[in-house]
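Visitor:
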Amino acid sequence: MTQSIYSLCFMCSVRCPIRVEVKDGQVKWIEGNPHVAGMEGSLCPKGAAGISMQYDSQRVQSPMIREGARGEGKWRKASWDEALDYVAEKLKGVIDTYGGHSVVLGERANLATHISKTFLKAIGSPNHFTHDALCKGSVNTACRSLFGYTDGQMGMDYKNVRHIVLYGRNMFESVSVKEINNLMAALEKGAKMTYIDPRVTVTATKAHRYWMIRPGTDLALNYALMHVILDERLYDSAFVDRWVEGLAELQDFVRPYTPEWAEKETGVAADEIRALAREVSKHKPSVIFHYGYRGAHHANEIYLRRSILILNCLMGSLETPGGMFFKKGPGAAGGKPARKLTEQELPKTDKTRFDKAGTPDFPLPDTAHGVGQMLAPAILNEDPYPIKALIINRLDPLKSIPDTNQMKEALQKLDLIVAVDVNYSDLAWYADVILPESTYLERTDCVQQANGLKPQMFLRRQVVGPRYDTREYSVIMRQLAERMGIEKYFPYTSMDELVQWQLEGTGFSMADFEAKGFVAYGKQQIFWDRKDDLKLKTPSGKIEFRSSLLEDAGFESFPAYTPVPEGRDDVFRLVVGRVALHTHVSTQNVPYLNELFSENVLWINAAKAKALGISNDDLVEISSKVGSGTIKAYVTDMIHPEAVFMVHGFGHEAKLAARCYNKGVSDSVLQENITDRVGGSPAFHDTFVTVKAA
Ligand SMILES: Nc1nc2c(c(=O)[nH]1)N[C@H]1C(S)=C(S)[C@@H](COP(=O)(O)OP(=O)(O)OC[C@H]3O[C@@H](n4cnc5c(=O)[nH]c(N)nc54)[C@H](O)[C@@H]3O)O[C@H]1N2
Ligand SMILES: Nc1nc2c(c(=O)[nH]1)N[C@H]1C(S)=C(S)[C@@H](COP(=O)(O)OP(=O)(O)OC[C@H]3O[C@@H](n4cnc5c(=O)[nH]c(N)nc54)[C@H](O)[C@@H]3O)O[C@H]1N2
Ligand code: SF4
Ligand SMILES: [Mo]
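For the sequence shown, counting from 1, position 430 maps to 1727 in the numbering used here; every step adds exactly one.
#1: Comparing alpha-carbon positions, which option in D1549, E1918 and S1304 lies nearest S1963?
#2: Judging by CA-CA distance, which residue of K1489, L1305 and F1842 is the nearest neighbour of A1747?
#3: Let me check understanding here. Comparing Cα to Cα, which of R1591, D1533 and R1552 lies closest to L1575?
#4: Measure the beta-carbon distance from L1518 to I1510 and round it to whole angstroms, keeping in mind my assumption that it falls under 8 Å.
#5: Tell me whether F1283 sits in a helix, a strand or coil according to DSSP, three-state version.
#6: In chain order, what residues place their C-beta within less than 7 Å of a heavy atom belonging to ligand 4?
#7: Just the C-alpha distance for R1496 and N1902, rounded to the nearest angstrom, thanks.
#8: Between F1307 and ligand 1, is there a pair consisting of the residue's CB and a ligand heavy atom that are separated by less than 6 Å?
#9: Provide the residue span of the alpha helix (DSSP H) that contains F1536, from first to last.
#10: If you pair each beta-carbon of the segment 1879 to 1889 with each one of the segment 1482 to 1495, do three or more pairs fall below 8 Å?
#11: Should the segment 1342 to 1352 be called in touch with the segment 1375 to 1383, which here means at least 3 C-beta pairs below 8 Å?
#12: I need the DSSP call for L1643, collapsed to helix, strand or coil.
#13: Tell me, please, whether the CB atom of G1948 is closer than 7 Å to any CB atom in chain D?
#14: Apart from the five residues just before and just after P1627, which ones in its own chain have a Cβ nearer than 7 Å to its Cβ?
#15: Extract the residue ranges of the alpha helix (DSSP H) inside the segment 1755 to 1830, only unbroken runs of 4 or more that lie entirely within it.
#16: Please report how far the alpha carbon of H1411 lies from the alpha carbon of G1667, in whole angstroms.
#17: Whose C-beta lies closer than 7 Å to the C-beta of K1645 among residues of the same chain, with five residues either side of it excluded?
#18: Is the beta carbon of V1944 sitting closer than 7 Å to the one on N1913?
#19: For Y1520, count neighbouring Cβ atoms within 10 angstroms of its own Cβ and tell me buried if that reaches 16, exposed if not.
#20: Which one or two residues does DSSP pair with S1442 in a beta bridge?
#21: Can the beta-carbon of N1795 be found closer than 7 Å to that of S1771?
#22: Does at least one heavy atom of ligand 3 sit under 6 Å from the Cβ of G1814?
#23: Between the C-alpha atoms of D1742 and T1790, what's the straight-line distance to the nearest angstrom?
#24: Among residues of its own chain, excluding the 5 on either side of A1375, which ones have a beta-carbon nearer than 6 Å to its beta-carbon?
#25: To the nearest angstrom, report how far apart A1991 and L1909 are at their CA atoms.
#26: I'd like the list of long-range same chain contacts for I1840, defined as Cβ closer than 7 Å, with 5 residues on each side in sequence excluded.
#27: Could you check whether the Cβ of K1475 sits closer than 6 Å to any heavy atom belonging to ligand 3?
#28: Is the beta carbon of H1937 within less than 6 Å of some heavy atom of ligand 2?
#29: Give me, in chain order, the residues of the same chain whose beta-carbon lies closer than 7 Å to that of A1629; leave out the 5 immediate sequence neighbours on both sides.
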């Protein structure tokens, strides 16, 4: 008999709702959940390759304990008791000698993050960090500086947008299924799309207007757009007069930044900049200047992200169909959210975080997420104190944090490295113990609280039993907690018990998720009243163009533009991004996806390549201050001469991930570990590389 089960995809972290068909204990079919608006059966290629991942025997099959040197790849299989006892003993030793704060736990934020945070608090460590800074920390800070909300508490209504402006937000390749389906629906209804990128992406080919901007100069472009919008009074004055703090200062500030000035810096014609400003103003307020998904490009990232958000505010595109909105939680619909372990009374620590987030040294990054790229410097310099143990879940610091060589050096200083993963990631390969998690198709997860215009809850459900000797992360942490004597904070022994505990008081039960895969708190979209009731959380209760968050910390609200250095001759700015067929660093070994896209290449401008004697498919040597590699050249007119581009996530070092082992080059090996010290993101695009024929 074929069973149909609703769950959530996890081939990337977007968590698209899915419907899975199972027959005789085998996964036969996966599609987008037809009951969810915007999904309607569709999946991205990675989601469709879930079956290929599930039946891949090259994933981690049982707990493993290292036998040889770190990174050497000599392992012995272990039972769960043996592996968990080993980790608990080592952790206890480290905590007794150096204190709980010497333990760091890093993970890609996920449904079980409240479990990790609870574990760390229970052992007296402030050192939990997520991927957030690595992805978009400066977007988070930019949103807080203007609205008092994080970017995670905000969304965009793509379906009703009339004009969308994308700054390297490559929506048609760096996919979120619902978002792109909604945007396509808007485009079919006549919405306009402007796309800005030094590289012609798939999204560029679908846009009404495409600008091959000089890399790193989007802020200059935005200052000029603001100049035109304010100069010609193209903004939504009713909205701005009511809600904005600091308009006059902005107006004075952008006066010198004319389109003619910006043309010289960006390469975008002044007339075109004026034309865009006038065109979007006709479509306001249903205009989205997309504030970005990965907002981790430059050392002044927060100011670029603020400038994009400010453009939205000038268009009045807040809490309106086709604009940005604040996500509404269950409370807005008279309901209660699912419980989290962190709501318990937990031990407190007064220790500084390893990354110093929240201290006068580094005041603004969100301490709920921390700053992952500070990990290696903190370990190496023992600043603020020695770090001795690292637990990593669903994250690969060797590939997702710039400067792999620096990270390797840091890892060597640790007494314990534990990796929880489904694959042999590079970090797992370097770890002392690998604790394999059951795949998303093999496990039930914690409840997803999906806030938005209509608050809902979703559930990832076990679809088939584990093929190998693997367990759920939340259960692994409970079993570790038992061995550490802190199990009282983990009131469950199985996922079903945990989910039931989470749902207590919400009025919903696990059975309620069976019919459609989700439950809704209400039927109506909730918009706040734009005239009188935007519930802004800034100190002024306004949208702070002039930001108290920034200025109280000693930073400017409107910093003067600094021209960006040029690439020249054989020196290029390295820019990176995603491709529709892969998720970051996770899917390169998935059989179907590996077959379709097995190696990354280096995009290089045709005229520049010619001058360097490089032809298409030639091997080239690429090197930066911190690393180098050999990669195939992709010679094309479709990239700005000052940039070279590669897809992120290749150059794997774990030999047991045999299909992707040593294929292509890892961008993190080349990238210098540079940070936006105001916003918190790494500056992934501030590394210059030299390229020559190999
Ligand atoms: N150099 C460089 N670094 C980057 C970026 C870049 O472009 N270049 N991009 C940044 C961005 S935008 C992001 S969001 C981050 C993402 O950074 P990461 O979270 O590190 O990347 P992912 O590929 O999403 O997943 C990491 C690990 O999760 C494992 N995994 C997959 N499924 C499961 C599971 O079910 N359970 C467990 N426990 N593990 C699982 C994968 O095998 C993989 O090892 O990287 C950032 N870092
Ligand atoms: N298929 C797939 N989809 C994904 C993911 C995935 O791993 N795979 N990950 C998800 C996640 S976590 C994230 S954060 C998002 C990321 O999605 P996006 O934010 O769309 O980011 P990237 O894919 O990193 O693409 C960055 C683009 O910026 C361009 N760029 C480089 N320099 C400049 C510049 O100076 N100005 C402008 N305007 N553009 C520039 C690059 O050429 C590249 O095309 O994707 C999400 N969706
Ligand atoms: S975007 Fe693709 S891989 Fe990511 S959750 Fe959705 S279907 Fe899965
Ligand atoms: Mo991301």
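Built from N, CA and C at the ideal position, the CB exists for glycine as well.
Bear in mind that the values here come from a model prediction, so they are computed numbers and not experimental data.
Guide: The answer reads as follows:
#1: As a working mapping, residue 1963 is identified with position 666 in the sequence shown. Here the closest residue by C-alpha is E1918.
#2: Numbered from its first residue, the sequence shown carries residue 1747 at position 450. Comparing Cα-Cα distances from A1747 to each of K1489, L1305 and F1842, the minimum goes to L1305.
#3: The count along the sequence shown starts at 1 and reaches residue 1575 at position 278. At residue 1575 the sequence reads Arg, which differs from the Leu that was named. Nearest C-alpha to R1575: D1533.
#4: Mapped onto the sequence shown, residue 1518 falls at position 221. Mapped onto the sequence shown, residue 1510 falls at position 213. The Cβ separation is near 7 Å, so the contact holds.
#5: No answer is possible for residue 1283: it lies beyond the span of the chain, which begins at 1298 and ends at 1991.
#6: H1428, C1432, K1433, Y1590 and R1591
#7: Walking along the sequence shown from the start, residue 1496 turns up at place 199. Walking along the sequence shown from the start, residue 1902 turns up at place 605. Distance between the alpha carbons of R1496 and N1902 is about 10 Å.
#8: Against the sequence shown, residue 1307 aligns to sequence position 10. Yes - ligand 1 has a heavy atom lying nearer than 6 Å to the Cβ of F1307.
#9: Within the sequence shown, numbered from 1, the residue matching residue 1536 stands at position 239. S1534 to W1540 is the extent of the alpha helix (DSSP H) around F1536.
#10: no
#11: no
#12: To locate residue 1643, count along the sequence shown from 1; it is residue 346. Coil.
#13: The chain inventory of the structure shown lacks chain D, comprising one protein chain alone.
#14: For the purposes of this step, residue 1627 is taken as residue 330 along the sequence shown, with counting starting at 1. So the list reads K1633, P1634, P1752 and Y1818, once near-sequence residues are dropped.
#15: 1770 to 1781 and 1792 to 1800
#16: For the purposes of this step, residue 1411 is taken as residue 114 along the sequence shown, with counting starting at 1. For the purposes of this step, residue 1667 is taken as residue 370 along the sequence shown, with counting starting at 1. Each residue's alpha carbon lies about 15 Å from the other.
#17: In the sequence shown, residue 1645 corresponds to position 348, counting from 1. The beta carbon of K1645 sits closer than 7 Å to none of the beta carbons in its chain outside the five residues before and after it.
#18: Reading the sequence shown from its first residue, position 647 is the one you call residue 1944. Reading the sequence shown from its first residue, position 616 is the one you call residue 1913. Contact flag unset, no.
#19: Within the sequence shown, numbered from 1, the residue matching residue 1520 stands at position 223. The residue in question, Y1520, is buried, as its Cβ has 16 or more Cβ neighbours within 10 Å.
#20: As a working mapping, residue 1442 is identified with position 145 in the sequence shown. None, per the DSSP bridge assignment.
#21: Locating residue 1795 in the sequence shown gives position 498, where the first residue counts as 1. Locating residue 1771 in the sequence shown gives position 474, where the first residue counts as 1. One point to set straight first is that residue 1795 is Leu, not Asn, in the sequence displayed. Contact check for L1795 against S1771 passes: the beta carbons are separated by less than 7 Å.
#22: Taking the sequence shown and counting its residues from 1, one reaches residue 1814 at position 517. Not under cutoff, so the answer is no.
#23: By 1-based counting over the sequence shown, the position of residue 1742 is 445. By 1-based counting over the sequence shown, the position of residue 1790 is 493. So the alpha carbons of these two residues sit roughly 13 Å apart.
#24: The count along the sequence shown starts at 1 and reaches residue 1375 at position 78. Closer than 6 Å at Cβ, skipping near neighbours: P1360 and I1362.
#25: The count along the sequence shown starts at 1 and reaches residue 1991 at position 694. The count along the sequence shown starts at 1 and reaches residue 1909 at position 612. Their Cα atoms are separated by approximately 11 Å.
#26: One-based indexing of the sequence shown puts residue 1840 at position 543. Once the five neighbours on either side are set aside, the close Cβ partners of I1840 are L1443, F1444, W1540, V1541, E1542, C1610 and L1833.
#27: As a working note, residue 1475 is residue 178 in the sequence shown. For K1475, the shortest C-beta to heavy atom distance toward ligand 3 is 6 Å or greater.
#28: Within the sequence shown, the letter at position 640 stands for residue 1937. Result no, Cβ not under 6 Å from ligand 2.
#29: On the sequence shown, residue 1629 is found 332 positions in, with the first residue counted as 1. Within the same chain, A1629 has close Cβ partners P1752 and I1823.
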